[in-house]
DNA sequence: GGTTAGCACTCTTCGGGAGGGAGTGCTAAG
DNA sequence: CTTAGCACTCCCTCCCGAAGAGTGCTAACC
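Chains as they are written, first to last, in the numbering used here: chain A, 2 to 345; chain B, 2 to 345.
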């Protein structure tokens with residue numbers, strides 16, 4: 002659709018704009034990238050590219066800026082692939098693949114790393130407990146009316162909540178009930194352990210206030226569909242971007258990002274492809290993110306996609322680096338996670 | 002030291018400046034606060050207050066602004082006490098005193114609430130595990146070479162880490178070892194469970210790789226003095242303050258706050274008084290925080306101070322509200338925490 | 001016919017006054 | 001001691017002009 006020279010112009014212009022954040026003029030383009038033609042010719046090409054919607058001008062007599070359509074074309078066809086170098090690689094090995102971490106912590110570390118490496122904000126959706134297999138329940142009395150309920154589920158979920166009862170219970174009560182719950186529930190999919198299921202085994206496992214309290218807590222923790230955890234890291238990086246030199250813009254963006262709900266929407270819009278997905282500006286479903294782009298990738302345990310990790314920055318984003326880094330982190334996160342369950 | 006009229010002028014001026022963030026002139030002061038004297042008189046008083054260092058002028062022919070010394074006097078002697086109204090009270094009851102939370106989560110919620118209520122950033126130092134009493138250790142096999150180590154300590158600490166061994170272990174191995182560890186360690190102060198102590202009981206409890214791995218993990222988790230957790234919330238609020246309308250300032254402040262180390266310093270400088278402490282501007286030990294004030298208070302379990310919670314904002318801070326709110330939250334947090342251990 | 005040099009034109013940005021406004025400090029009178 | 005009056009200072013805003021960057025068009029060139 003675009004001839005070779007237009008492609009080269011669009012590529013050079015986008016590269017330049019991504020670097021400088023300033024509208025790019027024909028003279029500059031001719032000087033810095035040897036396109037083999039004069040500024041006048043480039044001007045003609047730029048005018049064509051603008052007519053076709055790949056570029057736009059902030060005002061007459063300014064240089065051009067890629068439009069969302071321009072970025073889209075750049076991302077799909079033009080950009081030079083970027084691969085992590087030694088510093089990025091070693092950071093991933095050091096921080097994501099470090100041992101001794103439960104799954105959620107590992108995922109959280111991956112998000113922090115991604116933010117640091119790209120200098121954008123990073124977002125990550127942690128897997129839902131629902132879909133995982135319950136491995137162990139533990140009841141630890143804190144005092145005679147409070148019990149720590151510890152849940153361990155399959156690929157490395159560990160959660161704890163505190164249950165409170167009116168009538169004192171003993172350590173033996175807790176042990177007996179934990180044994181009963183484990184006998185009947187371990188191996189089940191967490192999402193299937195709803196109130197119904199818990200009511201069914203009430204007779205056998207325990208009855209009494211302790212059972213009811215613990216059961217209620219389990220039901221709400223295990224099968225609450227709104228329990229998706231979303232992390233946001235590196236918000237401070239947003240302030241470094243020249244498009245957010247204005248505090249008001251930065252603030253309104255950050256305000257949007259602070260609502261976990263918005264983040265979930267962003268990540269679900271990104272889909273669950275295992276190859277990095279790029280959402281550019283207006284393609285974004287959320288009003289407040291129309292000047293941002295999101296690069297995200299699913300991560301897996303084995304063949305099963307369990308979450309999404311990505312970066313969020315201005316539309317003028319280093320897409321090549323973002324895509325390369327997201328891919329690398331997602332891959333290694335997946336490998337680290339599968340290692341958590343590999344010997345089963 | 003200051004006569005009554007000077008006190009009233011300083012008070013009115015500070016109140017006004019805190020509200021408007023604009024230098025306050027004599028005419029304005031005379032109009033808005035009925036001080037019973039003319040602007041000219043107020044001017045004389047203001048000149049005196051400036052000579053004595055309570056005020057300063059950004060430039061000739063601008064109004065006055067309180068200096069750090071002025072704020073200090075205002076905080077110590079002048080400001081009208083502020084007490085939380087129904088909305089603040091109910092928020093505290095709803096969010097801090099809600100049940101089902103482990104201690105650290107409760108503290109974290111208190112910080113979030115404080116940030117929301119004051120519209121400043123909030124900081125909180127969570128108690129050190131070291132000083133608390135170990136209550137329970139649980140070893141849950143995740144697969145045959147990975148074990149979730151769950152620690153429960155006295156006032157509601159729950160932590161988990163994952164230990165990895167080379168030679169497969171069975172569920173029975175774990176149970177046996179957990180029982181042994183509990184028998185020998187429960188009731189001890191966590192900080193006293195160092196490598197020495199763990200080596201002593203090695204013979205009795207378990208030997209072998211499993212013991213060594215778990216022991217190493219316990220030692221690092223229980224007695225690591227650098228493990229103080231510090232939370233920072235409401236950073237976004239900083240951007241609302243007119244003194245941070247300039248992105249660069251906001252960014253450099255937030256960059257300082259993102260280093261947990263700096264936060265620890267701030268909170269330790271605040272001391273551990275149970276009555277709210279105010280640190281104003283230059284009084285702050287940290288270079289980057291010389292234009293900020295911190296209002297903080299210790300919180301307790303029973304009579305023992307276990308941490309510090311506070312808010313951080315520009316020196317032009319609503320001190321009365323900050324102090325009132327910090328006091329209220331710290332008190333209720335202390336009560337909620339003591340409730341965690343009351344039946345022992 | 002595509003390419004390029006030349007040029008007039010447009011639009012933003014930046015610096016330098018001018019004018020207005022807020023506030024002060026001083027003086028002298030009450 | 002207090003206050004009215006007043007000259008003075010300094011900032012802020014607006015406006016203007018110059019500079020600079022970049023364009024689009026035209027006409028010549030290959």
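Every residue, glycine too, gets a C-beta built ideally from N, C-alpha and C. All figures in this text were calculated on a predicted structure; none of them were measured in a lab.
In three-state DSSP terms, what is residue i?
i, result
"residue 21 of chain A", "helix"
"residue 332 of chain A", "helix"
"residue 89 of chain B", "helix"
"residue 164 of chain B", "strand"
"residue 357 of chain A", "Lying before the first or after the last residue shown, residue 357 of chain A is absent from chain A, which here runs from 2 to 345."
"residue 273 of chain B", "coil"
"residue 278 of chain A", "strand"
"residue 40 of chain A", "helix"
"residue 60 of chain B", "coil"
"residue 324 of chain A", "helix"
"residue 345 of chain B", "In this prediction, residue 345 of chain B has a pLDDT of 43, which is less than 50 and means its spatial position is unreliable; what the coordinates show is noted afterwards. In the structure shown, residue 345 of chain B sits in coil (DSSP, three-state: anything other than H, G, I, E or B)."
"residue 144 of chain B", "strand"
"residue 139 of chain A", "strand"
"residue 170 of chain B", "coil"
"residue 265 of chain A", "helix"
"residue 8 of chain A", "helix"
"residue 305 of chain B", "strand"
"residue 65 of chain B", "strand"
"residue 294 of chain A", "strand"
"residue 177 of chain A", "helix"
"residue 289 of chain A", "helix"
"residue 99 of chain B", "coil"
"residue 354 of chain A", "Shown here, chain A extends from 2 to 345; a query on residue 354 of chain A therefore has no answer."
"residue 81 of chain B", "coil"
"residue 3 of chain A", "coil"
Taking C-beta pairs closer than 8 Å, name the residues in chain A that residue i reaches, listed in chain order.
i, result
"residue 259 of chain B", "237"
Going along chain A in order, which residues have a C-beta closer than 7 Å to the C-beta of residue i?
i, result
"residue 137 of chain B", "141"
"residue 102 of chain B", "163"
Taking Cβ-Cβ distances shorter than 9 Å, what residues in chain A pair up with residue i?
i, result
"residue 251 of chain B", "240, 248 and 251"
"residue 149 of chain B", "103, 136, 137, 151, 153, 157 and 159"
Checking 9 Å against the spacing of the C-beta atoms, do residue i and residue j come in under that value?
i, j, result
"residue 157 of chain B", "residue 96 of chain B", "no"
"residue 150 of chain A", "residue 140 of chain A", "yes"
"residue 317 of chain A", "residue 19 of chain A", "yes"
"residue 30 of chain B", "residue 13 of chain B", "yes"
"residue 110 of chain B", "residue 99 of chain B", "yes"
"residue 202 of chain A", "residue 223 of chain A", "no"
"residue 172 of chain A", "residue 147 of chain A", "no"
"residue 258 of chain A", "residue 236 of chain A", "yes"
"residue 124 of chain A", "residue 333 of chain A", "no"
"residue 251 of chain B", "residue 240 of chain B", "yes"
"residue 232 of chain A", "residue 127 of chain A", "yes"
"residue 289 of chain B", "residue 253 of chain B", "yes"
"residue 25 of chain B", "residue 65 of chain B", "yes"
"residue 122 of chain B", "residue 238 of chain B", "yes"
In chain B, which residues lie with their C-beta within 9 Å of the C-beta of residue i?
i, result
"residue 255 of chain A", "236, 237 and 240"
Unbroken alpha helix (DSSP H) runs of length 4 or more, entirely within the segment 184-261 of chain B: which are they? The qualifying runs are 196-201, 203-206, 209-224, 236-239 and 248-259.
Cβ contact check for the segment 212-224 of chain B and the segment 172-191 of chain B: 3 or more pairs under 8 Å: Inter-segment contact for the segment 212-224 of chain B and the segment 172-191 of chain B is present: three or more beta-carbon pairs are separated by less than 8 Å.
Any 3 or more C-beta pairs closer than 8 Å across the segment 305-313 of chain A and the segment 260-273 of chain A: Between the segment 305-313 of chain A and the segment 260-273 of chain A, the count of Cβ pairs shorter than 8 Å is three or higher; the stretches touch.
Would you call the segment 323-332 of chain B and the segment 290-298 of chain B in contact, with 3 or more CB pairs under 8 Å? As far as the Cβ criterion goes, the segment 323-332 of chain B touches the segment 290-298 of chain B, which means the pair count is three or higher.
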